[in-house]
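Enquirer:
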Amino acid sequence: MSKRLVKFSIRMDNNLKTRIELLAKKNNLNFTKTLNYIAELGYQSYIKRFDNYYEEQNKLLERNKDFYE
30 MSKRLVKFSI RMDNNLKTRI ELLAKKNNLN FTKTLNYIAE LGYQSYIKRF DNYYEEQNKL
90 LERNKDFYE
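In this text, residue positions in the sequence shown follow my numbering: the first is 30, and each later residue adds one.
#1: Does the distance from the C-beta atom of leucine 64 to that of isoleucine 39 stay below 9 Å?
#2: What residues in its chain sit with their C-beta under 7 Å from that of glutamate 50, if we drop five residues either side in the sequence?
#3: What separation, rounded to the nearest whole angstrom, lies between the Cα atoms of isoleucine 76 and alanine 68?
#4: Just to confirm my understanding: we take arginine 78, look at its own chain, exclude 5 residues before and 5 after, and list those with CB closer than 7 Å. What are they?
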């Protein structure tokens, strides 16, 4: 995976900001690294669901193809 600089803005309430700050302190990380880590976890789970969905769709297509032949 290539590392590129990506700028983005995010709106968060104080409750979420406080929770991320506490999590960062607990794991001896700074706020930005913790936020990036959380974003990466979300991205990885999204990709996993995306892959599973298309894998199931391909299985359905194969079954339908075999059915109509």
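We treat Cβ as the ideally placed atom computed from N, Cα and C, and that holds for glycine. Predicted model, so just to flag it, every value in this text is computed and none were measured.
Expert: Checking against the coordinates, here is how it stands:
#1: yes
#2: Phe60
#3: Approximately 12 Å, taken between the alpha carbons.
#4: Contacts found: none.
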